[in-house]
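**Student:** Numbering of the sequence shown is given in this note's numbering, commencing with residue 2 and proceeding in unit increments. We put the CB at the ideal spot given by N, CA and C, even for glycine.
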Amino acid sequence: MGKEYKKIMLGMKLPGGARVQSVTVEVPEPGPGQVLLKMKAASLCGSDLKYIYYEHTDKTGGARYDNVIAGHEPSGQVVDVGEGVLDFKEGDRVLVYHIQGCGYCDECRKGFFINCQNPERRAYGWQRDGALAEYMVADVSTCIHLPDFLTYEDGAMVSCGFGTAYQGLLRADVSGDDRVLVMGLGPVGQAAVMLAKGLGAEVIGVDISEERMAMAEKIGCDAVYQGDESVIEKIMAYTGGKGVEVAVDCSGSSVGRHRCLEAAAMWGRVVFLGEQGTVTFEPSPLLLHKNLTLHGSWVTSMANMEKLVHFLARKKIHPNEIITHRFALKDTEEAYRVFATGKTGKVCVNMEME
Ligand SMILES: [Zn+2]
Ligand SMILES: [Zn+2]
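#1: So, with DSSP's three-state summary, where would you put Ala265?
#2: Check the Cβ-Cβ distances between Lys344 and every residue of chain D, and say whether any is below 9 Å.
#3: Quick check on Asn351: does DSSP put it in helix, strand or coil?
#4: Under 8 Å: do the stretch 163–173 and the stretch 133–148 share three or more Cβ pairs, one atom per stretch?
#5: Out of Val21, Val300, Arg260, which one is the CA nearest neighbour of Cys117?
#6: Take the Cβ of Tyr136 as the centre, count every other Cβ of all protein chains shown within 10 Å, and call the residue buried at 16 or more, exposed below.
#7: Please report how far the alpha carbon of Val79 lies from the alpha carbon of Val36, in whole angstroms.
#8: Between the alpha carbons of Ala265 and Ile220, how many angstroms are there, rounded?
#9: Report all residues for which the CB-ligand distance to some heavy atom of ligand 1 is below 5 Å; order them along the chain.
#10: Work out the CA separation of His99 and Met216 for me, nearest whole Å.
#11: In the DSSP assignment, find the unbroken alpha helix (DSSP H) run with His311 in it and report its ends.
#12: Is any heavy atom of ligand 2 found at a distance shorter than 8 Å from the C-beta of Arg122?
#13: Within 10 angstroms of the Cβ of Arg20, are there 16 or more other Cβ atoms? Answer buried if so, exposed if not.
#14: DSSP state of Phe328, grouped into three classes?
#15: To which residues of the same chain is Leu196 closer than 6 Å at the C-beta, ignoring the five residues directly before and after it?
#16: Compute the Euclidean distance between the alpha carbons of Ala173 and Gly185, then round it to the nearest angstrom.
#17: So what does Thr294 bridge to, in DSSP terms?
#18: Would you call the stretch 308–315 and the stretch 276–293 in contact, with 3 or more CB pairs under 8 Å?
#19: Touching or not, the stretch 339–347 and the stretch 113–130, by the rule of three or more beta carbon pairs under 8 Å?
#20: When you measure from the CB of Gly102 to every non-hydrogen atom of ligand 2, does any distance come out below 8 Å?
#21: Taking Cβ to Cβ, would you say Val271 is nearer than 9 Å to Val247?
#22: Just to confirm the assignment, what range does the beta strand (DSSP E) spanning Pro16 have?
#23: Return yes when the Cβ of Gly190 is within less than 9 Å of the Cβ of Gly206, no when it is not.
#24: Excluding the 5 residues preceding and the 5 following Ser23 in the sequence, name in chain order all residues of the same chain whose CB lies nearer than 7 Å to its CB.
#25: Report yes if the C-beta of Asn351 is less than 8 Å from at least one heavy atom of ligand 2; otherwise report no.
#26: Using a Cβ-Cβ cut-off of 6 Å (strictly less than) and excluding sequence neighbours within five positions of Val348, which residues of its own chain qualify?
#27: In three-state terms, what does DSSP make of Cys1?
#28: With a 10 Å radius around its C-beta and 16 neighbouring C-beta atoms as the bar for buried, classify Arg129 as buried or exposed.
#29: Do the CB positions of Glu334 and Lys41 come within less than 9 Å of each other?
#30: Mapping DSSP to helix, strand and coil, what is Asp107?
#31: May I ask you to check if the CB of Gln128 is nearer than 8 Å to at least one heavy atom of ligand 2?
#32: Hey, how far is the Cα of Lys331 from the Cα of Gly269?
#33: Give the DSSP-derived three-state secondary structure of Met2 in the structure shown.
#34: With C-beta atoms as the reference, is Phe273 less than 9 Å away from His259?
#35: Taking only the alpha-carbon atoms, compute the straight-line gap between Ala329 and Asn351 and give it to the nearest angstrom.
#36: Measure the CB-CB distance between Pro320 and Glu154 and report whether it falls below 9 Å.
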């Protein structure tokens, strides 16, 4: 302990009302089973906008996020370790799974900290200090080593969005046998495109935004269609009238979800990843008679996130390709303002920028 690093640091809070509050606080000390990270990258997430940036809502289960440093997509370098930490040491490059669970419930034992229902569950940037600061204390149970190939920005992308997209593809058992429809090409949709390509699938992307469609082409989508009335016809034509083996909804819209069911082939697999909204559909023609499997999927597990970083390194995939805007930590307010326009890809605060 007592390592050489600053004792006072800059951090960013989200007090609500679309404001970012810059604070100067003491650098925290790592306790037993924890490490202190010098933050290198922290990306912004749609969930921050929905639940914290504009107003603090309790839609995620009575959560409290008052007075903590924001940011739940952390990546950084270990500069100090607490007692009893054997698997991480100073200088290690890590990304952080964005939630620490109780550690003893069924879901935590599986590594699905996201599903933990116990009051000890804490998400970085929501119920405990997060990534938008110069330093952050992380529990080693939530840390994953970054392979050399991956950058800190890549790590931040994995800690939430790419992990979520990967899990959805794992649920549907995506392989090179499949044509995968990705409905909605926001950051999670773009992650799904890159990962499905990496798994060897042929990928069709659909969105209503020209910018996002152009982005999807750039990151390797085999076909990109405008999400208009004719999109199902186009998907059917592309697949020889059969439909896609896998459809992943990342739009969260009722139309998008319905179209996933419509576009799925006989015996197809459909995954709902996009949050919120509703959907109404006729089960007989769309689900039963097509023998579809419909999966809901939420975030991922520690083990699958670990598997994902090695997959990315082996396949030479850099998730930071989907970043369209980068800001220095001191410019976090501007980062949120730009992100809130809804016209960006992923927005990342890069602590190595001045
Ligand atoms: Zn996130
Ligand atoms: Zn738990």
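**Tutor:** Quick answer:
#1: The three-state secondary structure of Ala265, taken from DSSP, is strand.
#2: No chain D is part of this structure, which consists of one protein chain only.
#3: strand
#4: no
#5: Answer by Cα proximity: Val300.
#6: buried
#7: 6 Å
#8: 23 Å
#9: This criterion selects Cys46, Cys161.
#10: 26 Å
#11: 303–316
#12: yes
#13: exposed
#14: strand
#15: The beta carbon of Leu196 lies closer than 6 Å to those of Ala166, Tyr167, Leu170 in the same chain, with the five residues before and after it left out.
#16: 17 Å
#17: Arg270
#18: no
#19: no
#20: yes
#21: Val247 is positioned such that its CB atom lies closer than 9 Å to that of Val271.
#22: 9–17
#23: yes
#24: Leu11, Met13
#25: In this structure, Asn351 has its CB at a distance of at least 8 Å from all heavy atoms of ligand 2.
#26: Leu45, His326, Ala336, Phe340
#27: Only positions 2 to 355 of the chain appear in the structure, and residue 1 is not among them; the question remains open.
#28: buried
#29: Going by C-beta atoms, Glu334 is not nearer than 9 Å to Lys41.
#30: DSSP places Asp107 in the helix class (H, G or I) of the three-state scheme.
#31: Every heavy atom of ligand 2 is 8 Å or more from the Cβ of Gln128, so no.
#32: The straight-line gap separating the alpha-carbon atoms of Lys331 and Gly269 is approximately 47 Å.
#33: Its pLDDT being 49, under 50, Met2 is placed unreliably by the model, and nothing is read from it.
#34: Contact flag unset, no.
#35: 5 Å
#36: yes
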